[in-house]
Amino acid sequence: IDCRHCWTNDECAIQDDMQQIYDNIDKYDNVILASPIHFTELSGMLLTVTSRLQMYWCAEFFRGTTLIKNKKNAVLILTGGGGASPAKPLSTAKNIFRHLNAELIGQVYSLSTNDIPAKDDRAAMEKAKALALELNERYALKTGKPGLT
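Residues in the sequence shown are numbered from 4 upward in steps of one, following this note's numbering.
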């Protein structure tokens, strides 16, 4: 709606279920974006949700402040068929991660879903498992607590 409320405020003017995410986003340690590739981009639904993160960009761009202090780990999971390329959605995801103060530690691609379902893509499943274990290890190192089992 381009109300520009977030240009001068650390909040979104739209009061809806996104408030739960805004209220807790700095507490999260990990951000995982998962999307099919549609027309060389992340899915429309994912872009709709992430567009609501505009207030973090506005805080940085207009006011020179960072609302999210807690550094996060990020993982991107993409699926696609028909010659889908991860280049554009990867670029978009990196931009989203940057505004969430998240470092991309890895990505998983299953890009032959016309021929093999993503759940049957052994290489992608192994990569996803390895990244899950890495997120778990990073959590354990950060907190001194054992990771999830």
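Cβ atoms here follow ideal geometry from the backbone N, Cα and C, with glycine treated the same way. Treat the numbers as computed from the prediction; the structure is a model and nothing was measured.
- Counting only residues of its own chain and dropping the five nearest sequence neighbours on each side, residue 111 has a CB closer than 8 Å to the CB of 78, 79, 80, 81, 127, 130, 131, 134.
- Contact check for residue 50 and residue 83: beta-carbon distance about 15 Å, past the 8 Å limit, so the pair fails to qualify.
- Between residue 95 and residue 45, the C-beta gap is smaller than 8 Å, which places the two residues in contact.
- Spanning the alpha carbons of residue 71 and residue 22 requires a straight line of approximately 15 Å.
- The alpha carbon of residue 138 has as its nearest neighbour, out of 5, 120, 125, 107, the alpha carbon of 107.
- Per DSSP, the continuous beta strand (DSSP E) segment holding residue 112 begins and ends at 105 to 113.
- For residue 38 against residue 92, the beta-carbon gap comes to about 7 Å, under 8 Å, which counts as contact.
- Within the model, the alpha-carbon separation for residue 73 versus residue 67 is close to 17 Å.
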